[in-house]
Ligand SMILES: C[S@@+](CC[C@H](N)C(=O)[O-])C[C@H]1O[C@@H](n2cnc3c(N)ncnc32)[C@H](O)[C@@H]1O
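Numbering (the numbering used here), first residue to last: 792 to 1019.
Laid out in structure tokens, this is it:
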């Protein structure tokens, strides 16, 4: 198996694509939500990280059913894979998309030799999402790009900035603005990347607060908590 993976790696398959190739048949059978429609199941399983997307799907259902009031925010958009999923599942909610749309910013630590995520643009993301209603692009350096949203309320916040400073800044900005029962996801919590940047930021932020993180066994180790 590892030789096949090495060979696929040389052919340009990343980890998510390989997981999709090897595990989609199994995942699409046992994926934990028995009442899903065929379209919903496909939307979750075809992402390459069905545990992550399945968990987000359940959170969206809970937001819709309760209902929990407030907009959605995605911090770290890149090409818009998660943005399209969020908007496709609940298109009536306002969705704010925060990104430089040209990769990491040198003001954040551990970024000078990290050239990932530059190959995107606002136009590309909007084209990929398709329906632009209720989408608000916030292009620029976070937290500066949140200026003017102080009165907004949120029901779900996806934080996927990868680096310590913007992850902590996003927690500080959104936490007081999330409705009771609302969800905050932090991607890469269980990832050692940038000296465990995301877990350091979330642990520092939640210290002394009543909420505790729940760890998700998805591809990059997300964590989530619900606002009390
Ligand atoms: C891992 S990617 C996001 C992937 C996306 N959430 C997905 O699921 O497909 C991280 C993104 O965060 C953005 N980013 C990192 N630090 C930022 C900051 N301080 N301000 C704005 N965007 C930032 C990068 O430009 C990059 O596109």
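Idealized CB from N, CA, C, for every residue including glycine.
Non-local beta-carbon contacts of residue 989 in its own chain, meaning distances under 6 Å to residues more than five positions away in sequence, involve 958, 977, 979, 980 in chain order. Residue environment for residue 865: buried (at least 16 other C-beta atoms within 10 angstroms of its C-beta). Annotation for residue 872 indicates a beta carbon within 7 Å of some heavy atom of ligand 1.
If you compare the alpha carbons of 965, 994, 834 with that of residue 873, the shortest gap goes to 834. Within a 10 Å sphere around the beta-carbon of residue 993 sit 16 or more other beta-carbons, which makes this residue buried.
Beta-carbon to beta-carbon, residue 861 and residue 1005 are separated by about 20 Å, too far to satisfy the 8 Å threshold.
When the Cα atoms are used, residue 945 and residue 801 turn out to be separated by approximately 42 Å. In terms of CA proximity to residue 899, 935 leads the group 876, 927, 935, 925. Under the three-state reduction of DSSP, residue 885 is assigned to coil, being neither helix nor strand. Residue 860: not part of any beta strand (DSSP E); DSSP gives it neither H nor E. Under DSSP, residue 866 forms a beta bridge with 889, 950. Relative to ligand 1, the nearest heavy atom lies less than 7 Å away from the CB of residue 951.
In terms of Cα proximity to residue 914, the closest of 947, 868, 808, 955 is 868. By alpha-carbon distance to residue 1013, the top candidate from 832, 846, 838, 806 is 846.
Rounded to the nearest angstrom, the Cβ distance from residue 895 to residue 954 is 7 Å, consistent with a contact under 8 Å. At the C-beta level, residue 925 and residue 890 stay beyond 8 Å of one another. With a contact defined as Cβ atoms closer than 8 Å, residue 863 and residue 917 miss out at about 16 Å. With contacts defined as CB atoms closer than 8 Å, residue 952 and residue 850 fail to qualify as a contacting pair. Per DSSP, the beta bridge partners of residue 926 are 886. Cβ neighbours of residue 906 within its own chain (closer than 6 Å, five residues either side excluded): none.
The beta carbon of residue 846 sits no closer than 7 Å to any heavy atom of ligand 1. Residues 891, 896, 898 of the same chain have their beta carbon placed closer than 7 Å to that of residue 932, with the five preceding and five following residues left out of the count. In this structure, the CA atom of residue 825 is about 36 Å from the CA atom of residue 991.
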